[in-house]
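Order-wise, the sequence lines are chains A and B. Each residue of the first sequence is one higher than the one before, starting from 13 at the first, in our numbering. Each residue of the second sequence is one higher than the one before, starting from 518 at the first, in our numbering. Don't be surprised by glycine CBs; every beta carbon is placed ideally from N, CA and C. Scroll down for the structure; my scribbles are underneath it.
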Amino acid sequence: MNESPASSSETPMVRFERVSKRYGALTVLDQLDLDVASGEKVAIIGPSGSGKTTVLRVLMALERIDDGVIHIDGEPLTHMPQGDSLVPADARHLRKMRGHIGMVFQHFNLFPHMSAVQNCMEAPISVLGLGKEEAHARAAELLTMVGLADKLDHHPAQLSGGQQQRVAIARALAMRPRVMLFDEVTSALDPELCGEVLNVIRELGSAHQLTMLMVTHQMGFAREFADRVCFFDAGRIAEQGSPEELFGNPQHERTRQFLRAVMEAI
Amino acid sequence: MPANRTGSAGTSPTGSSPAAGALAAAAILGFAGGLVVSSFAGFRDFLPELLRGAAVTVQVAAGGSLVAVAMALLATAARLYAPLPLRWLAVAYVELFRGTSALVQLFWLFFVLPMFGISLSPMTAGIAALGLNIGAYGSEVMRGAIEAVPRSQWEAASALSLGRFRTLRRVILPQAFVTMIPPWGNLFIELLKATSLVSLITLSDLAFKAQQLNQTTLRTVEIFGIVLLIYLALSLLVTLAMRALEHRAGRRLLRGKETG
Chain A
13 MNESPASSSE TPMVRFERVS KRYGALTVLD QLDLDVASGE KVAIIGPSGS GKTTVLRVLM
73 ALERIDDGVI HIDGEPLTHM PQGDSLVPAD ARHLRKMRGH IGMVFQHFNL FPHMSAVQNC
133 MEAPISVLGL GKEEAHARAA ELLTMVGLAD KLDHHPAQLS GGQQQRVAIA RALAMRPRVM
193 LFDEVTSALD PELCGEVLNV IRELGSAHQL TMLMVTHQMG FAREFADRVC FFDAGRIAEQ
253 GSPEELFGNP QHERTRQFLR AVMEAI
Chain B
518 MPANRTGSAG TSPTGSSPAA GALAAAAILG FAGGLVVSSF AGFRDFLPEL LRGAAVTVQV
578 AAGGSLVAVA MALLATAARL YAPLPLRWLA VAYVELFRGT SALVQLFWLF FVLPMFGISL
638 SPMTAGIAAL GLNIGAYGSE VMRGAIEAVP RSQWEAASAL SLGRFRTLRR VILPQAFVTM
698 IPPWGNLFIE LLKATSLVSL ITLSDLAFKA QQLNQTTLRT VEIFGIVLLI YLALSLLVTL
758 AMRALEHRAG RRLLRGKETG
């Protein structure tokens with residue numbers, strides 16, 4: 013049931029082409045190639061400093077890349093065509109391309125001065141040009157979907173961490189993205205609150221044709237949810253495969269070490 | 518929740534409520550005022566004249582405050598978001614007016630500019646000089662408050678495709694506003710006290726009236742006692758107003774913090 017959709021011949025939803033990212037002398041992404049098919053759920057695991065969060069941050073265009081090209085559904089994200097060549101994207105192009113992508117952060121990053129429903133309405137109104145009522149209806153529907161129908165007018169400070177993270181998911185979905193990025197979304201939560209957030213992601217995955225990339229430390233969730241697991245090490249994908257392959261029969265010594273260390277921690 | 522970023526906004530509407538503070542201030546003021554009224558016959562003789570001076574003081578302080586806020590806004594916007602030449606101009610303004618004395622600035626506007634054919638009325642010169650001076654400090658306050666809003670707020674807005682200006686207006690400034698209220702309170706009080714400088718450019722403000730009365734009557738203790746109280750009362754008013762503003766803005770930002 014986990015045929016690798018990467019083998020399909022259609023245009024991948026996300027394509028990293030020899031992407032490098034450096035901070036001074038430190039190379040965080042090292043000529044990374046990665047294709048993610050439309051609707052595919054990819055889990056990204058790896059030791060800290062392996063570049064896994066950077067993958068999401070450059071895909072969201074929060075960081076510039078130093079080399080290579082990223083494509084979203086065949087269209088360059090980090091560059092734009094000008095004549096026959098590609099030139100680095102300007103702010104306008106970036107903003108347009110970001111519209112295809114939603115991101116959920118480790119620390120939620122909700123707007124503290126806005127209620128839950130206002131958090132979800134701001135971008136649809138100002139970026140998509142939705143009317144107030146339409147934006148409110150969409151926000152209320154999404155907040156209901158994540159189980160917060162009774163918290164529309166609560167401010168972030170009045171919500172638990174798990175509830176805040178679910179608002180953050182609804183806020184990203186309100187822009188109707190085609191790709192959703194989850195950056196260690198349960199790492200800042202108390203263990204008993206992780207379940208409610210993971211449940212929301214699980215439902216999203218089964219009900220929508222969303223393409224999802226998630227950086228996670230929850231190996232159990234990655235195993236159950238992902239179509240493909242990528243193990244990152246030193247800015248590259250050291251090993252990837254179906255969850256069964258990667259968790260059941262890891263090929264590389266580095267992967268085995270990492271998995272052993274993670275399992276011991278539990 | 519350990520990850521409560523709202524705390525970094527730096528306000529804590531907890532602790533002593535503004536109402537209690539106001540009550541204490543009113544009590545002290547009332548007591549001191551009563552003491553003066555009962556012990557100084559001079560109160561009746563001098564108060565009307567001094568209050569006329571205080572009216573001028575309030576006028577200069579209010580006008581100066583408006584100019585200060587406007588200049589601080591302009592300079593901050595220019596320094597953070599304008600093209601280079603404008604940015605330099607804003608930096609030059611801030612450094613020049615922070616780095617020289619308010620008295621010298623006032624004299625420049627009133628005594629030097631006329632030599633170049635620009636004559637300002639004493640009131641205009643006073644308001645402009647104090648506004649420009651305090652505005653330079655205010656620009657630093659605003660910049661600090663804006664930069665104190667966590668980067669992650671910019672990133673969250675970016676991820677939602679919000680533009681820079683929209684992010685600033687809808688996400689960053691409402692949070693920065695709360696942090697900058699207390700330092701602005703300090704600046705307004707600084708400005709209020711600095712208004713006494715305008716007595717040196719022929720304006721009959723509170724300080725000017727006091728000196729005048731003192732020279733003709735020599736009842737120094739009474740006159741300057743009353744002047745002290747009037748300045749104190751005015752600055753307490755500023756403090757109370759800013760506290761109320763802070764409380765309101767803070768409650769909007771962290772609504773339910775106390776109940777949650």
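Taking 9 Å as the Cβ-Cβ cut-off, the stretch 54-78 of chain A approaches chain B at Arg69, Met72, Ala73 and Leu74, given in chain order.
Taken through DSSP and simplified to helix, strand or coil, A:Asp245 comes out as strand.
In chain order, Ala595 place their CB closer than 6 Å to the CB of B:Leu603, counting only its own chain and leaving out the 5 sequence neighbours on each side. By the Cβ neighbour-count rule, A:Gly143 is exposed, with fewer than 16 other Cβ atoms within 10 Å of its own. For the set B:Ser669, B:Ile718 and B:Pro699, the Cα lying nearest the Cα of A:Leu74 is the one of B:Ser669. Annotation: the stretch 549-632 of chain B contains the following complete segments of the alpha helix (DSSP H) (minimum length 4 residues), in chain order: 559-598, 601-616 and 619-624. Going by beta carbons, B:Val575 and B:Leu647 fall outside the 8 Å limit. Taking a 10 Å sphere around the C-beta of B:Trp625, we find fewer than 16 other C-beta atoms and assign the residue as exposed. Neighbours of B:Glu763 in chain A, taken as residues whose beta carbon is under 7 Å from its own, are absent, since the nearest beta carbon is some 14 Å off. For the 8 Å CB-CB criterion, A:Val31 and A:Gly80 form a contact. Within 10 angstroms of the beta-carbon of A:Ser138 lie 16 or more other beta-carbons, which makes it buried.
Against A:Ala135, the close residues of chain B are Leu677, Ser678 and Leu679, in the order they occur along the chain (beta-carbon pairs closer than 7 Å).
Taking 8 Å as the CB threshold, B:Arg683 lines the interface with chain A. For A:Gln94, DSSP records a beta bridge to A:Ser97. Between the C-alpha atoms of A:Met224 and A:Phe259 there is a straight-line separation of about 20 Å. By DSSP's assignment, A:Ile82 forms a beta bridge with A:Phe28.
The C-alpha of A:Ala169 lies about 26 Å from the C-alpha of B:Arg660.
A:Phe120 sits in coil when the DSSP states are folded into three classes, being neither helix nor strand.
For A:Lys53, the enclosing beta strand (DSSP E) has its first and last residue at Lys53 to Ile57. Closest in alpha carbon position to A:Arg27, among A:Thr39, A:Gly36, A:Ser60 and A:Leu68, is A:Leu68.
In the DSSP annotation of this structure, A:Val158 is not part of any beta strand (DSSP E), being labelled neither H nor E. Close to A:Met115, with beta-carbon spacing below 7 Å, are these residues of chain B in chain order: Ala676. Under a criterion of Cβ atoms nearer than 7 Å, no residue of chain A is adjacent to B:Gln729; the nearest Cβ is some 50 Å distant. Annotation: the continuous beta strand (DSSP E) that includes A:Val48 extends over Leu38 to Val48. For A:Val197, there is no enclosing alpha helix (DSSP H), as DSSP marks it with neither H nor E.
Close partners of A:Arg27 in chain B (Cβ separation under 7 Å) are lacking, with about 20 Å as the shortest Cβ gap. Judged by their CB atoms, A:Arg178 and A:Val158 are nearer to each other than the 8 Å cut-off. Judged by their CB atoms, A:Glu52 and A:Asp239 are nearer to each other than the 8 Å cut-off. The Cβ atoms of B:Tyr748 and B:Leu704 do not sit closer than 8 Å to each other.
Scanning its chain for C-beta atoms nearer than 7 Å, with the 5 sequence neighbours on each side dropped, one finds around A:Leu201 the residues Gly173, Gly174, Gln177 and Val209, in chain order. Annotation for B:Val715: no alpha helix (DSSP H) segment contains it, and DSSP assigns it neither H nor E. The continuous stretches of alpha helix (DSSP H) do not include B:Val688, and DSSP gives it neither H nor E. Contacts between B:Pro700 and chain A, judged by CB atoms closer than 8 Å, are missing: the closest CB pair is about 19 Å apart. In the structure shown, the three-state DSSP call for A:Val139 is coil. Within chain A, the residues placing a beta-carbon under 9 Å from that of B:Glu672 are Arg69, Met72, Leu74, Met115, Phe117 and Asn121, ordered along the chain. The beta carbon of B:Phe563 sits closer than 7 Å to those of Leu730, Glu739, Ile740 and Ile743, all from its chain and outside the five residues before and after it, given in chain order.
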